[in-house]
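There are 2 protein chains.
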Amino acid sequence: MTETNPNEIVIVKSENSKINTVDFSNLIFGRVFTDHMFVCDFEDGKWQTPQIMPYQAMTIEPSARVFHYGQAVFEGMKAYKDENGKIFLFRPNENCNRINKSAARLAMPKFPEDYFFKGLETLLRLDSEWIKPGVGNSLYIRPFVIATEPAISASPAASYRFIIICSPAKAYYNEPVRVLFAEKYSRSADGGVGFAKAAGNYAAQFYPTSLAQKKGFDQIIWTDASSHKYLEEAGTMNIFFRIHDKLITAPNNDRILDGVTRKSVIQLAKDLGIECEVRRVSVKEIKAAAKDGSLKEIFGTGTAAVISPVSAFEHADDVFEIDQIKDSYASLFKSTLLDIQHNLSDDKHGWRYEIR
Amino acid sequence: MTETNPNEIVIVKSENSKINTVDFSNLIFGRVFTDHMFVCDFEDGKWQTPQIMPYQAMTIEPSARVFHYGQAVFEGMKAYKDENGKIFLFRPNENCNRINKSAARLAMPKFPEDYFFKGLETLLRLDSEWIKPGVGNSLYIRPFVIATEPAISASPAASYRFIIICSPAKAYYNEPVRVLFAEKYSRSADGGVGFAKAAGNYAAQFYPTSLAQKKGFDQIIWTDASSHKYLEEAGTMNIFFRIHDKLITAPNNDRILDGVTRKSVIQLAKDLGIECEVRRVSVKEIKAAAKDGSLKEIFGTGTAAVISPVSAFEHADDVFEIDQIKDSYASLFKSTLLDIQHNLSDDKHGWRYEIR
Ligand SMILES: Cc1ncc(COP(=O)(O)O)c(C=O)c1O
Ligand SMILES: Cc1ncc(COP(=O)(O)O)c(C=O)c1O
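Printed below as a string of structure tokens:
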């Protein structure tokens, strides 16, 4: 499948950089893109010569299968720049593996690891000016794959396009979020595609989330679809609960995304001597802990927001406010992660990946 | 929302028809499209002036939300031509209502009914040569809506495109199909989007279906995700079971598509004096009926295939062959439906909709 040599990326540089038109102190997430994009087509059973080209609109048939059957997967990762101008990714192997797990579940071809890294690194070097130093600044990287075959039969496509686009970012959420525990709607089924970053998983959450927003909540914490008794994850974050000084988070399964930030937090907890149980978490337990005062924190983990503290939750019309404590685990993990990501601290697990 | 007058469709006709390049006796489903397409954009909170233009590739940003979050819904319907050249649709109101139900579940704007009909009718009149008379021939019509806003935040888009493309068709499946009852994978969750024609529901089925195909089965009959004990529907068909002379089909719920063919068959059964129970159907019951000989037929219903008889099913490594009987309900419903669709019989329920 990798007959083409990824070293032969065909590069067409943009003639005019847009960078001076961008207000980096005032970025809305995901609206501004860098000067270049990486594109690689899958045709005739193999990935063709990869290309880097000016960021631009694509030409695509209205019958392309992605529009009809949602055969599309994606990733989300970030690049960081330290004060010396060095550029780092955070555990990029995890994203490379995960996009291929997602692809396999949607009957899409694997994208070769060497193409992934070669393409990403070449792109980041070209657009390195777009990565601003300083904690909180980053370049959000969006690799994705879409089914392009122009034929509307409901079966896996024969042609695909792998693309990487990049968008300069500040932290995704700045404020603590108010969340609603799902009682009626669900995000994914046992035996479904919830563990994959499959495009369709996200649109499915928009309507229930809009209902939650009308009630004054920012996001939904999804529960298991069968009983709605167990807390699983949020729309783009895994979820941790702190009861007394112990952390609890739901185990991975075929409904829950295996988050890179989640697994990093579990490791950091171990390093820091914080007990972390990976097990089912019931709504009942969390409500009881909120009532008796032992629930100290809830926070979400994800690449976009890093760590997102929760300030309130609702379930069955009961609303619980969670006081934001000083010395929270949320802020501890956030600063620990940011320091590793921005090359400000030791990297004993080898999570940083330098782009040279 | 409907400030624009749908009568003002802007029409750009194709200069050269492709119709003479098409072998109508040798059509592969969904690969060839007619000369024109209908397009209407949603911008600034409203649907803009609709357009009919030559069928062509579109220009779309790589950041368009449909590629990332699967915010896309579709419909499938058919146009038929009788021997006098009259053109008919079959219960098109159902499709118009359903695409808007699907859209609502995916937090997408409603497409106005007058736009839908005006656009569809104008398009069909322009491309009427593509609809061939004769039972079995039809023009498959694919209305769909995609989120076009070029911004990758995981929330409902602000801009959309509604499109109709049309593809000449023969019957989708010709042979009876062999099916596998799902034991591990699932199609949709309670509280999910299974009832909607949401793009992502379809890609999610490709991989499990490919596993079934490796075992020699054409399709999967999905079971409920919680217990896998109850039979729900196939990938693009609802399912009926005939035990002795009685039909049984699963009730609609938020996991199952409310099929137009299904509801027509339920009505026709009533007209023909055939008992039809709409209730949960257990795997156990169907296996027992297959063993004791009371299971006479299983068939699927859907716009593409009309009625698709099942010749075998597998569950838990038990394979049951179903002898194809003469005077089957499947063939009775198929010919009854085709006759109504092709204006060959009375239409006492007013299901035909003539395009004038
Ligand atoms: C459904 C879901 N859960 C959790 C996460 C967090 O994963 P990660 O930490 O790898 O960004 C994401 C976002 O990437 C997600 O989409
Ligand atoms: C999941 C699913 N079930 C059933 C059907 C059959 O519905 P209809 O009879 O309206 O074509 C379809 C196809 O349209 C479908 O996609």
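If you read the protein sequences in the order shown, they are chains A and B.
Using this note's numbering, you'd call the opening residue of the first sequence number 125 and step up by one each time.
Using this note's numbering, you'd call the opening residue of the second sequence number 125 and step up by one each time.
In this text, a Cβ means the ideal position worked out from N, Cα and C, and glycines have one as well.
Note that the coordinates shown come from a computational prediction; the quantities given were computed from them, not determined experimentally.
Under 8 Å by beta carbon: chain B residues contacting residue i
i	result
L230 of chain A	A327, A328, F330 and Y331
T360 of chain A	A278
G474 of chain A	By Cβ distance, chain B contributes nothing, its closest Cβ being about 29 Å from G474 of chain A, past 8 Å.
A440 of chain A	None at all; the shortest Cβ gap to chain B is about 15 Å.
Contact set between residue i and chain A, taken where Cβ atoms lie within less than 7 Å
i	result
F341 of chain B	Within 7 Å Cβ-Cβ: nothing; F341 of chain B doesn't reach chain A, min ~14 Å.
K308 of chain B	G315
K184 of chain B	Note on residue identity: the sequence assigns Ile, not Lys, to residue 184 of chain B. A181, M182 and I184, listed in chain order.
I431 of chain B	Chain A residues near I431 of chain B: none, gap ~18 Å exceeds 7 Å.
F198 of chain B	H192
G209 of chain B	In chain order: nothing, as chain A lies at least about 27 Å away.
Close Cβ partners of residue i (< 7 Å) along its chain, the five nearest in sequence each way excluded
i	result
M361 of chain B	G424, T425, G426, A429 and S432
S187 of chain B	P274, A275 and I276
I289 of chain A	F157, M161, Y179 and R266
A278 of chain A	Y193
F148 of chain A	K256 and P292
S418 of chain A	I367 and H368
V389 of chain B	F364, T425 and F457
Sequence-distant residues of its chain with Cβ nearer than 8 Å to residue i (five each side left out)
i	result
R155 of chain A	S291
V407 of chain A	F305, T347, H352, K353, Y354, L355 and H439
D206 of chain A	F212, P257, H466, N467 and L468
G316 of chain B	D378 and R379
Q175 of chain B	I133, V134, I135, V136, F162, V163 and C164
D442 of chain A	K411
T272 of chain B	D165, I184, E185, A188, R189, V190, A281, S283, Y284 and R285
Within chain A, the residues that residue i reaches when beta carbons sit closer than 8 Å
i	result
S406 of chain B	Simply none; closest approach about 17 Å.
Q448 of chain B	Residues of chain A passing the Cβ test: none, with the nearest at roughly 25 Å.
A535 of chain B	Because residue 535 of chain B is not part of the residues shown, which for chain B are 125 to 480, the question remains open.
Chain-ordered chain A contacts of residue i [CB-CB under 9 Å]
i	result
K234 of chain B	In chain order: nothing, as chain A lies at least about 13 Å away.
F305 of chain B	Those do not exist, as F305 of chain B stays about 13 Å from chain A at its closest Cβ, beyond 9 Å.
Buried versus exposed, by CB contacts within 10 Å (16 or more), residue i
i	result
G85 of chain B	What is shown of chain B runs 125 to 480, which leaves residue 85 of chain B out entirely.
V269 of chain A	buried
Q343 of chain B	buried
E299 of chain A	exposed
H473 of chain B	exposed
E421 of chain A	buried
R302 of chain A	buried
Y453 of chain B	buried
N140 of chain B	exposed
R229 of chain A	buried
G243 of chain A	buried
A181 of chain A	exposed
R480 of chain B	exposed
K321 of chain B	buried
I152 of chain B	exposed
D251 of chain A	buried
T246 of chain B	buried
M125 of chain B	Unreliable positioning characterises M125 of chain B in this predicted model, as indicated by a pLDDT of 37, which lies under 50. A coordinate reading is not provided.
E127 of chain A	Reliability of the predicted coordinates at E127 of chain A is poor, the pLDDT of 45 falling under 50, and the value obtained from them is presented with this limitation in mind. That one is exposed.
G318 of chain B	buried
Chain-ordered neighbours of residue i on chain B, where CB pairs are closer than 7 Å
i	result
G383 of chain A	Chain B residues near G383 of chain A: none, gap ~14 Å exceeds 7 Å.
R155 of chain A	A275
M161 of chain A	P186
F268 of chain A	F191 and H192
G426 of chain A	Simply none; closest approach about 10 Å.
I289 of chain A	P186 and S187
Chain-ordered neighbours of residue i on chain B, where CB pairs are closer than 9 Å
i	result
A397 of chain A	The amino acid occupying residue 397 of chain A in the given sequence is Gly; Ala does not appear at that position. In chain order: nothing, as chain B lies at least about 35 Å away.
S350 of chain A	A313, D314, A349, S350 and S351
Q175 of chain A	Simply none; closest approach about 13 Å.
S334 of chain A	A231, S279 and P280
G243 of chain A	Here the premise fails: no neighbours, minimum Cβ distance about 14 Å.
Chain-order list of residues whose beta-carbon lies under 6 Å from that of residue i (same chain, five-residue window excluded)
i	result
V384 of chain A	R215 and E218
R386 of chain A	N362 and T425
N224 of chain A	K234
Distance cut-off 7 Å: residue i Cβ against heavy atoms of ligand 4
i	result
N217 of chain B	This structure simply doesn't include ligand 4; it includes ligand 1 and ligand 2 instead.
Looking at C-beta atoms only, is the number of pairs between the region 371 to 379 of chain B and the region 373 to 389 of chain A that lie closer than 8 Å three or more? Two segments are said to touch when three or more pairs of C-beta atoms, one from each, lie closer than 8 Å; by this definition the region 371 to 379 of chain B does not touch the region 373 to 389 of chain A.
Taking 8 Å as the cut-off, does the region 327 to 341 of chain B touch the region 184 to 204 of chain A (at least 3 CB pairs, one atom from each stretch)? By the Cβ test, the region 184 to 204 of chain A is in contact with the region 327 to 341 of chain B, since at least three Cβ pairs between them sit closer than 8 Å.
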